[in-house]
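One structure is given below, encoded as structure tokens.
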Amino acid sequence: MGTYKCCIFFTRRFALGDTSTPEDVRALFSLYAGGSPYMLADDLRRYLAAWGGADGEVPEQIIDRILQDRSRTPRFGRPALTVDDFLHFLFSEDLNPPLRYSKVHQDMNAPLSHYFIYTGHNSYLTGNQLSSDCSDVPIIKALQLGVRVIELDIWPNSCKDDIDVLHGRTLTAPVSLIKCLRSIKEYAFVASPYPVIITLEDHLTPDLQERVAKMVLEVFGDILYYPESKHLQEFPSPEALKGRVMLSTKPPKEYLEAKGDTMKEKEIEARIKRGEREAAAWGVEVPDIQDEMQVADKDEDELLYRERGADGDDGKETKHVAAEYKHLITIKAGKPKGPLVDAIKNDPDKVRRLSLSEQELAKVAAHHGPNIVSFTHRNMLRIYPKGTRFNSSNYNPFLGWVHGAQMVAFNMQGYGRALWLMHGFYKANGGCGYVKKPDFLMQTCPDGKVFDSKADLPVKATLKVDGQGVHGGRLAKGLQADTFRLILTSRFLCKGWHRRSSIRLGDEKDESRGGQLGAGVGGRVRLPADRT
29 MGTYKCCIFF TRRFALGDTS TPEDVRALFS LYAGGSPYML ADDLRRYLAA
79 WGGADGEVPE QIIDRILQDR SRTPRFGRPA LTVDDFLHFL FSEDLNPPLR
129 YSKVHQDMNA PLSHYFIYTG HNSYLTGNQL SSDCSDVPII KALQLGVRVI
179 ELDIWPNSCK DDIDVLHGRT LTAPVSLIKC LRSIKEYAFV ASPYPVIITL
229 EDHLTPDLQE RVAKMVLEVF GDILYYPESK HLQEFPSPEA LKGRVMLSTK
279 PPKEYLEAKG DTMKEKEIEA RIKRGEREAA AWGVEVPDIQ DEMQVADKDE
329 DELLYRERGA DGDDGKETKH VAAEYKHLIT IKAGKPKGPL VDAIKNDPDK
379 VRRLSLSEQE LAKVAAHHGP NIVSFTHRNM LRIYPKGTRF NSSNYNPFLG
429 WVHGAQMVAF NMQGYGRALW LMHGFYKANG GCGYVKKPDF LMQTCPDGKV
479 FDSKADLPVK ATLKVDGQGV HGGRLAKGLQ ADTFRLILTS RFLCKGWHRR
529 SSIRLGDEKD ESRGGQLGAG VGGRVRLPAD RT
């Protein structure tokens, strides 16, 4: 039995299972140690050559560090590892990290539309969508995480002579635009050198738009990128835009006085409490994307073919705009006249950005998935949370990603499993905030067809997951498989792999012993390189 202190006064006990090293680890050790009970530096070198890992360190240094960590001196002349030392190495976060690539390793010279981009939603909010404070602090935190798209809602202040950032028609307390811009400049490139995109949701009069243009030029100066031509036929690459800041917004329109009343405090409190009950502590389970599209498919097609009103992100442009402000916008948002289904049509003469809510995406994807994929080959697609997520919860990002959406916007001040997925996804490519789309999302077949997320494609590979609960280097009994099944259940793998896959940790035999897991490690799982 193992013990630990709980609340200083109480001693808790936990059962330890077999203290021996797992059989598969023993077999691996024996293979590279040549059957010897000790693994020398040359043996470890052969293992690293075959399996990779421990970037930047030589085997002799690794062995020395392991022996120091375990407070052990070698039993004979040359330092060597025992099988338990080898197990310690396998599960060392420092020596054998789960993410191999700590640097950017993908091609960064393709147009921006070829990348998934780490995107925030209402980046200025400190909490819920209805009554929390607005501040530059969550913007700073997002940039420190590597977020590359910052969203600001800009409104006239109470005197209508300056610009505030706030969530309109709610009780959120405003923050000044100039403060947010200065913080963005200061922290834009602390986590990544690749471009920062500021998405402005504009509710301003032309004179205030002109004021914004002066602010932006004053704050960012030479690092602000904007095109010389009126329309781009192709977006620049992340590499070409290193260290630059860009603006993205809908084409400015004449400011309309808010017709609706601000929500009352009691109504806000009721909606927030309802959202908290629905989300609970960890947030609701991330839904399956096929289920989402099936539900959307049952609805009437009215959403696809109705005209989008002026309150949408892509409202009608008027002539009453500030020319200087309009000129600074690099990624212009707009849609052709007509129903929503026409918005995902390509324009050969220019590229643009389209915004869809998570419900609109599910509906369009259920009927016109390949059209979305084709649209995102050249154009930018932004997905944003539905308006009823008052508690700043999030949604399943995979539905957007599997259709090529570059900007899947999340509430970074939120919580829950969906946000874990987002943070984990953007650990890829050195955590630079840009992850290159897989080739299948960018390819067009000779017959003109593109990737269809609903097509029943053959399985090309199967991932095997083998997990083992480890506590202090010893196998732990009674460790519930659900603990890891919770975060490792995957209902999405790209077509050409599993159409729908749930990775299950622990088989029936394991669960009969209280849910003990198979080979692996507590909070993480290693995937073998072999495929079946």
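Each number in the numbering used here comes from the position in the sequence shown (counting from 1) with 28 added on. Don't be surprised by glycine CBs; every beta carbon is placed ideally from N, CA and C.
Residue i and residue j closer than 8 Å at C-beta
i: P139; j: E262; result: yes
i: K464; j: Q134; result: yes
i: F438; j: L447; result: yes
i: G174; j: G397; result: no
i: I5; j: V240; result: Because residue 5 is not part of the residues shown, which for the chain are 29 to 560, the question remains open.
i: E388; j: L368; result: yes
i: L171; j: A219; result: yes
i: T227; j: S276; result: yes
i: R472; j: A433; result: The sequence shown places Thr at residue 472, not Arg. Not in contact: T472 and A433 (Cβ atoms no closer than 8 Å).
i: L232; j: I206; result: no
i: R98; j: D113; result: yes
i: K278; j: D230; result: yes
i: N156; j: F418; result: yes
i: Y462; j: M136; result: yes
i: V132; j: F57; result: no
i: P255; j: T358; result: yes
i: A371; j: L382; result: yes
i: L236; j: P184; result: yes
Residue i, DSSP secondary structure in three states
i: Y454; result: coil
i: K287; result: The predicted position of K287 is uncertain, since its pLDDT is 39 and thus under 50; a value taken from the coordinates is nonetheless stated next. It is coil, neither helix nor strand.
i: M243; result: helix
i: R381; result: strand
i: S120; result: coil
i: P367; result: strand
i: K482; result: coil
i: S276; result: strand
i: R410; result: strand
i: G476; result: coil
i: T416; result: coil
i: V165; result: helix
i: R532; result: With a pLDDT of 36 at R532, under the threshold of 50, the modelled position of that residue is not reliable, and the figure given next carries that caveat. Coil, per DSSP.
i: F263; result: coil
i: E388; result: helix
i: D71; result: helix
i: D181; result: strand
i: N374; result: coil
i: D230; result: strand
i: W79; result: helix
i: L564; result: What the structure shows of the chain is the stretch from 29 to 560, and residue 564 is not part of that stretch, so it cannot be assessed.
i: L153; result: strand
i: L449; result: helix
i: L109; result: strand
i: L209; result: helix
i: G432; result: coil
i: D135; result: coil
i: S58; result: helix
i: A351; result: helix
Expected contact under 8 Å - CB spacing of residue i and residue j to nearest Å
i: A257; j: T198; result: It is worth fixing the name first, because residue 257 is Ser in this sequence and not Ala. Contact doesn't hold; Cβ gap of about 38 Å is too wide.
i: R406; j: N374; result: 7 Å
i: V193; j: V177; result: About 15 Å; that fails the 8 Å criterion.
i: V244; j: L356; result: 6 Å
i: C208; j: L180; result: 6 Å
i: Y353; j: E238; result: 6 Å
i: V13; j: L260; result: Examination of residue 13 is not possible in this model, given that the chain is present from 29 through 560 alone.
i: L115; j: V53; result: 6 Å
i: G148; j: M440; result: 5 Å
i: M408; j: M435; result: 6 Å
i: L469; j: F479; result: 6 Å
i: S211; j: D250; result: Contact doesn't hold; Cβ gap of about 19 Å is too wide.
Strand pairing of residue i, partner residues [DSSP]
i: A361; result: R381
i: S204; result: D192
i: G271; result: Answer is none; G271 lacks a bridge partner.
i: A437; result: T147
i: Y443; result: For Y443, which the question treats as bridged, DSSP gives no partner whatsoever.
i: Y462; result: I145
i: I225; result: V177 and M274
i: L252; result: V273
Any non-hydrogen atom of the ligand COA closer than 7 Å to residue i Cβ
i: Y253; result: The ligand content of the structure shown is nil, which means the ligand COA is not present either.
Is the stretch 84-99 touching the stretch 56-71, taking contact as three or more C-beta pairs under 8 Å? yes
Check whether the stretch 423-435 and the stretch 142-153 are in contact - that is, three or more C-beta pairs closer than 8 Å. yes
Stretch-stretch touch, CB-based, cutoff 8 Å, three pairs: the stretch 213-229 with the stretch 268-277: yes
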